[in-house]
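Below: one structure, written as structure tokens.
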Amino acid sequence: MKNTMLDNFACIPISKERSSNSGLLIKKGSIKENIKPEQWAKKFRSNKRSKGGQSKGSIKIHSGSEDLPRMATGSVAISRTTMDKVAKTKVTIEAYYTTLIAHTRERRERVKQLEEAMEREGLDDKDKETRRALYALRETEFLRLKRTRIGREDFESLKVIGRGAFGEVRLVQKKDTGHVYAMKILRKKEMLAKEQVAHVRAERDILAESDNPWITKMYYSFQDQTCLYLVMEFLPGGDLMTLLIRKDTFTEAQTQFYMAESILAINFIHSLGFIHRDIKPDNLLLDARGHIKLSDFGLCTGLKKAHRTEFYRGITPANVAELCDPIGTKQKAMTWKRNRRQMAYSTVGTPDYIAPEVFTQSGYEKSCDWWSLGVIMFEMLIGYPPFCSETPQETYRKVMNWRETLVFPVEMPITNTSKNLILSFCTDADRRLGRHQQSIDDIQTHPFFRGVDWEHTRDRPAAIPIEVKSIDDTSNFDDFPDVDLSWNAIPEKSETNNKDWVFLNYTFKRFEGLTQRGLKNLPL
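Number 1116 in the working numbering belongs to position 441 of the sequence shown; there are no gaps in the numbering.
Here it is as structure tokens:
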């Protein structure tokens, strides 16, 4: 049946202007395809009459027991409940076709990779057919396993390795394969209360879309009544923040290595059309070989108070003289080191790495990530970031007055080439290195990176080797003693007031993860 209610609603962009009875108005002229509200209402009335509904005199859209009368000519009142249903339908349809297209694209890419691998290996036709048959079995197994439900009960909780304001990260082991993962757990109620749904969705979508050595790989995502779960590869090297705390400072050679890898990781995110906006040492993770992988996409941006302009409203501009700390470099480094880990877990966080234009909301582009990387480079060589202070408010003041407060301490001499690169990143957005959207050639050709083999960076040994004793070695992470590792009981009723539809299509299962589960059943 063509003339369905969904057809009618699908062509209507919803206006957010509220009516006096808390419904929403669809304004005259706001309907696509030049369909006027009167025409839509006429179609709706004819549908109702054909089903024994109400007469021609008025329109009623039911929401529970409440009938909403017809509003002024040219507009129709729709209840909030109906609007939620429309939004849910729209999200469901969009999610279905987006997922379908993505799966088709991924299958084609896997076939392409298989054919290229067989060509490189120089297989004859018979061996190629055998390999294709095995691949077909894996694809069939993948499709079968995709239809099976996955939940937290499929994982054994081993240890808590991270904690934040809205959830935690656990080391878990999948029961059927024995593989070890890092599971990020986020509370839905907190995400809705803090308006973080868009950020959580952004992280999930980026991780699902990305299959790149510079990005933390996600294998599964799912949800239950209370929480969202992201199951990702476990990176036993910890993060760059931990390494900086241990080493105090890096040599220029070590700094060159981590800067080069960070640049390639950030550039990949930019190539997908995203701005990270929260580049900091905490989000630069290290794999078992000590190489960089970027994490936390969208989740941290706006998640903490220090990332919101409102947090700093009412702060009076300080005199430049007040912003210049009299304490020495060594004391400042010790204070920063002592407080750094605590700030990472706080709900306020630290604004040390955020570009000025992000604070002012004056419009920012991908180059704001290069500012953050310049601040990190300063910290690598000096031992603390250039704008660190006792409070986030003071740090904010320093960032906004960066022309006066970005000072290199004389007792920690670094080369002019290093200074030039830092100042090329930490400058006005329209003069910043990397501001050109199409490439990072201007960054890669800077004299500081002379001798870097950009094509094979991950192939060489890490500048600082990472010692990993086992697949579940957590020595590079903080300890959280006396933590109950059992899964909390899931309530029968959702805690999110029937708003779970905003998390539709959150589930994701990666090909490698599921086919590992079914490999033991396939012929070799």
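The C-beta atom is built at its ideal place from N, Cα and C for all residues, glycine as well.
To the nearest whole angstrom, what separates the beta carbons of residue i and residue j, a pair I think is in contact under 8 Å?
| i | j | result |
| --- | --- | --- |
| Asp1148 | Pro911 | 5 Å |
| Trp1162 | Ser832 | 7 Å |
| Cys1043 | Arg952 | 6 Å |
| Thr1132 | Glu814 | Rounded, the Cβ-Cβ distance is 33 Å, inconsistent with contact. |
| Arg806 | Leu798 | 7 Å |
| Met1087 | Pro1031 | Going by Cβ atoms, the distance from Met1087 to Pro1031 rounds to 24 Å, so no, they are not a contact pair. |
| Ile890 | Phe943 | 7 Å |
Please confirm whether residue i and residue j have their CB atoms less than 8 Å apart.
| i | j | result |
| --- | --- | --- |
| Leu918 | Glu1054 | no |
| Leu1048 | Phe1100 | yes |
| Lys834 | Leu846 | yes |
| Ile1141 | Ala940 | no |
| Val786 | Met858 | no |
| Ala792 | His966 | no |
| Met1052 | Ile1115 | no |
| Val1127 | Gln848 | no |
| Ala883 | Phe1183 | yes |
| Leu961 | Gly913 | yes |
| Arg1107 | Trp1046 | yes |
| Tyr621 | Leu789 | Since the first residue of the chain shown is 676 and the last is 1199, residue 621 is not available in this structure. |
| Tyr1039 | Ala1104 | yes |
| Phe1062 | Thr1035 | no |
| Lys892 | Glu870 | no |
Counting contacts by CB-CB distance shorter than 8 Å, is residue i in contact with chain B?
| i | result |
| --- | --- |
| Lys763 | The question asks about chain B, but that chain is absent: this structure has only one protein chain. |
Residue i to residue j, Cα distance in whole Å?
| i | j | result |
| --- | --- | --- |
| Val766 | Arg822 | 20 Å |
| Tyr1028 | Ser1064 | 12 Å |
| Asp802 | Ser1145 | 36 Å |
| Arg1135 | Gln929 | 13 Å |
| Pro1198 | Val1033 | The predicted position of Pro1198 is uncertain, since its pLDDT is 36 and thus under 50; no value can be drawn from it. |
| Leu1179 | Gln900 | 13 Å |
| Cys902 | Phe830 | 15 Å |
| Pro1156 | Pro1026 | 29 Å |
| Glu878 | Asp800 | 43 Å |
| Pro1067 | Glu828 | 40 Å |
| Thr1120 | Phe1152 | 35 Å |
| Glu781 | Tyr1071 | 44 Å |
| Lys1041 | His945 | 7 Å |
| Gly977 | Val1158 | In this prediction, Gly977 scores a pLDDT of 32, lower than 50, which makes its location untrustworthy; no coordinate-derived value is stated. |
| Ala777 | Leu861 | 25 Å |
| Arg1125 | Tyr933 | 14 Å |
| Arg795 | Ile1118 | 34 Å |
| Asp880 | Ile950 | 14 Å |
| Arg838 | Val844 | 6 Å |
| Tyr904 | Glu804 | 39 Å |
| Leu637 | His854 | What is shown of the chain runs 676 to 1199, which leaves residue 637 out entirely. |
| Thr924 | Gly1058 | 5 Å |
| Met866 | Gln898 | 13 Å |
| Met916 | Val1143 | 18 Å |
| Arg1185 | Arg755 | 37 Å |
| Leu947 | Ala762 | 27 Å |
| Asp971 | Ile768 | 28 Å |
| Ser885 | Trp1129 | 20 Å |
| Tyr856 | Ile753 | 46 Å |
| Lys760 | Thr773 | 20 Å |
| Val1050 | Pro1060 | 6 Å |
Report task. Count the C-beta pairs between the stretch 946-958 and the stretch 1087-1101 that are closer than 8 Å, then say yes if the count reaches three, no if not. Result -> Using a C-beta cut-off of 8 Å, the stretch 946-958 makes no contact with the stretch 1087-1101, since fewer than three inter-stretch Cβ pairs fall below that distance.
Query raised in the report: Which ranges does the beta strand (DSSP E) cover as unbroken runs of at least 3 residues, wholly within the stretch 860-926, from first to last along the chain?
Result: As summarised for the stretch 860-926, the continuous beta strand (DSSP E) elements at least 3 residues long and confined to that stretch are 893-898 and 902-908, given in chain order.
Requested in this report: Pick out the complete alpha helix (DSSP H) segments inside the stretch 1021-1100, 4 residues or longer, and give them in chain order.
Outcome: Listed in chain order, the complete alpha helix (DSSP H) runs (minimum 4 residues) inside the stretch 1021-1100 are 1031-1035, 1042-1057, 1067-1075, 1077-1080 and 1091-1100.
Query - alpha helix (DSSP H) runs contained entirely in the stretch 754-830, provided each spans 4 or more residues - result: Segments of the alpha helix (DSSP H) lying fully in the stretch 754-830: 755-796 and 800-821.
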